[in-house]
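Undergrad: Sequential numbering from 18 applies to the sequence shown in my numbering.
All C-beta atoms in this analysis are idealised placements derived from N, C-alpha and C, irrespective of residue type, glycine included.
Computed from a predicted structure; not experimentally measured.
This is the structure I have questions about; it appears just below.
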Amino acid sequence: MKKRFSIPLIVTVFVIAFIGGTQVNHLISGDNIYEQLSKFKDVLSLTEKYYVEDVDTKNLTEHAITGFLNELDPHSVYIKPQQMQKVTEDFQGRFEGIGVEFSIVNDTITVVQPIGGGPSATLGIMSNDKIVRIDGKSSVGFSTEQVMKGLKGPKGTKVSVSIHRAGNKDLLEFEIVRDVIPLYSVDVSTMLNDKVGYINVTRFAETTHKEMVAALTKLKGQGMKQLVLDLRSNPGGYLDQAVKMSDLFLEAEPGGKPRKIVYTLSRRNEYNEEYFAYTNSNEYEKMPLIVLISNGSASASEIVSGAVQDWDRGLIVGETSFGKGLVQRQFPLADGSALRLTISRYYTPSGRLIQRSYENKDKYQEEAFTREEEEGENIEHKESTADTSRPKFKTAKGRVILGGGGITPDFIVKPGNITKYSVQLNRRNMFYEFIAGYLTRSGDKIKAAYGSDMIAFNKRFVID
């Protein structure tokens, strides 16, 4: 028999979901909220009492919440209590565990890399190590969720792992003391040549601005005069971090007037906001800048790229971005779950709405990745013959740019076409296996020759 929950408790959760900390009188409309809650209570009560089988009222309620949110927009979501920990960790920029990035390759947990300074790196666990047992039990065939459950845990607790390492006949045994592990959002920062720096940002978390400043300072010390900022496939994150990143590259307007980065509009006045850049007197405000975006770049990524484009501050290169311009506020619920509800919309300084249409929700995700775009220079942002309906806007210097959702680049560059055979090899992780195997055999030799000098490696390395 499935567990039952009292009807008053379920309705209480619903009230919290609807009210979410706001005052009741703002929420009462023509179809009175209490009448609708009474109707739902009646349906749930009748179902619990008369349905042919026992029902799980908690599960039904969670599906009901998900169902009515689906009627709103694609980004208003209900987060279950068991999902909240990962959601919180992703945005806080840290978690507690053993400190490895992993992938499941051929049913085996494979270490992509140990996180620098974490307990696994300290013990000498290496890239391409295969974790075959966790606490004495086989981990072969584990799902990602099972791996996370086995390896993550509170700081100070211990976990034992058995590792197969290429070149070793016997398994290596490690007892790892879990610790607080940083989740870096600046994934790569390096020099592409003597003048051009490159920074890849994977998401906008609590620590992104701090990491960005550290990366810029490091590259400046290595001679950086120009920057490529890679926001491809960056799904977004915290608004304040996007504003702070934009502020690094945008100076105030002439006369010291703050320069607008983004603004939001809502049906509730308290959610109408404007965000500005101020003069920081740093050389990054005038440094030549290219921002890379893709159809997976969304939200905070589009705020940064939209502001850079609207003010003619740099060039945007890649594919039209996803088009996610809805602002969510997270309301905690009594049982540890949360309601993430859209409260306003993002607009770029020129007035472009970042959010694209979600009228056809069934194809909403697919449409972002199936756009027809012609590669090449797109400085004038001319309309395609296939779509002449997109609204027109102008940059600070008078260039015409198109609205209609997402940020369309100044230079459109699509990912290189690859064969079906290459796709199959990639799905089976064959490229990773080859690289990892090569580094296992020759990694010490490469490190001795090049250290961390990527420029020298690119210029001089020759494959035998």
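1) Would you say the beta carbon of residue 333 comes nearer than 6 Å to a heavy atom of the ligand SAM?
2) Taking 7 Å as the cut-off, decide whether the C-beta atoms of residue 192 and residue 179 are in contact.
3) Report the three-state DSSP secondary structure of residue 462 (helix, strand or coil).
4) Flag this pair as touching only if the stretch 412-425 and the stretch 460-469 have three or more C-beta atom pairs under 8 Å; answer yes or no.
5) With a threshold of 16 other CB atoms inside 10 Å of the CB of residue 127, please say whether the residue is buried or exposed.
6) Do you know offhand how far residue 275's Cα is from residue 232's?
7) Give a yes or no on whether the C-beta atoms belonging to residue 254 and residue 317 are separated by under 7 Å.
8) Quick check on residue 326: buried or exposed, where buried means 16 or more other Cβ atoms within 10 Å of its Cβ?
9) Buried or exposed: which applies to residue 476, given that a residue is buried once 16 or more other Cβ atoms fall within 10 Å of its Cβ?
10) Would you report the Cα separation of residue 204 and residue 349, rounded to the nearest angstrom?
11) When the Cα atoms are used, what is the spatial distance from residue 273 to residue 120?
12) Quick check: the stretch 346-362 against the stretch 374-383, are there 3 or more CB pairs under 8 Å?
13) Going by Cα to Cα distance, which pick from 387, 418, 155 is closest to residue 312?
14) If you count every other CB in all the chains shown that lies within 10 Å of the CB of residue 438, and 16 or more means buried, which is it?
15) CB-CB under 6 Å to residue 246, same chain, minus the five flanking residues each way: which ones, in chain order?
16) Going by beta carbon distance, what residues of the same chain come within less than 7 Å of residue 91, once the five residues before and after it are set aside?
17) Bridge partners for residue 294 per DSSP, in chain order?
18) Have a look at 268, 259, 444, 367 and flag the residue whose alpha-carbon is nearest the alpha-carbon of residue 320.
19) Could you round the C-beta distance between residue 279 and residue 292 to whole angstroms and report it? I think they count as a contact, below 8 Å.
20) Which complete beta strand (DSSP E) runs does the stretch 82-155 hold, if anything under 3 residues is left out?
21) Which residue marks the beginning of the beta strand (DSSP E) containing residue 197, and which one marks its end?
22) To which residues of the same chain is residue 87 closer than 8 Å at the C-beta, ignoring the five residues directly before and after it?
23) Please return the same chain residues whose Cβ sits closer than 7 Å to the Cβ of residue 482, not counting the five positions on each side in sequence.
24) Roughly how far, in whole angstroms, is the beta-carbon of residue 338 from the beta-carbon of residue 282, given that I think they are within contact range, below 8 Å?
25) Could you give the DSSP three-state label for residue 380: helix, strand or coil?
26) Please state whether the Cβ-Cβ distance between residue 172 and residue 196 is less than 7 Å.
27) Just to check my reading of the structure: residue 426 and residue 335 have Cβ atoms closer than 8 Å, yes? What is that Cβ distance to the nearest angstrom?
28) Leaving aside the five residues before and after residue 46 along the sequence, list all residues of the same chain whose C-beta is less than 6 Å from its C-beta, in chain order.
29) My understanding is that residue 151 touches residue 168, with C-beta atoms under 8 Å, so please give their C-beta distance in whole angstroms.
30) Taking C-beta to C-beta, are residue 181 and residue 129 nearer than 7 Å?
31) Beta-carbon within less than 8 Å of residue 42's beta-carbon, same chain only, minus the 5 sequence neighbours each way: which residues are those?
32) If you count every other CB in all the chains shown that lies within 10 Å of the CB of residue 64, and 16 or more means buried, which is it?
33) Just checking my contact of residue 428 with residue 332 at CB under 8 Å: how many whole Å lie between their CB atoms?
34) Please report how far the alpha carbon of residue 137 lies from the alpha carbon of residue 175, in whole angstroms.
35) Looking only at its own chain, which residues have a Cβ that is under 7 Å from the Cβ of residue 111, when we skip the five neighbours before and after it?
36) DSSP puts residue 359 in a beta bridge; with which residues?
TA: Taking the structure as given:
1) In terms of ligand content, the structure shown is empty, and the ligand SAM therefore cannot be addressed.
2) no
3) helix
4) no
5) buried
6) 25 Å
7) It is a contact, given that the beta carbons lie within the stated cut-off.
8) Buried: at least 16 other Cβ atoms inside 10 Å.
9) exposed
10) Residue 204 and residue 349 have their alpha carbons spaced roughly 31 Å apart.
11) 50 Å
12) no
13) 387
14) exposed
15) Excluding residues up to 5 positions away in sequence, 216, 308 lie with their Cβ nearer than 6 Å to the Cβ of residue 246 in the same chain.
16) 375, 378, 381
17) 276
18) 259
19) 5 Å
20) Runs of the beta strand (DSSP E) lying entirely within the stretch 82-155, each at least 3 residues long, are 94-96, 111-114, 117-122, 125-131, 147-151 in chain order.
21) 196-199
22) 378
23) The question about residue 482 has no answer, for the chain in this structure spans 18 to 481.
24) About 20 Å; that fails the 8 Å criterion.
25) helix
26) yes
27) 5 Å
28) Bear in mind that the predicted position of residue 46 carries a pLDDT of just 49, short of 50, making it unreliable; the figure below should be weighed with that in mind. Annotation for residue 46: no residue places its beta carbon closer than 6 Å to its own, counting only its chain and skipping 5 residues before and after.
29) 7 Å
30) no
31) With a pLDDT of only 45 at residue 42, under 50, the local geometry of the prediction cannot be trusted, and the value read off the model is given with reservation. Closer than 8 Å at Cβ, skipping near neighbours: no residue.
32) exposed
33) 6 Å
34) Cα to Cα, residue 137 sits roughly 12 Å from residue 175.
35) 197, 198, 199, 200
36) 345
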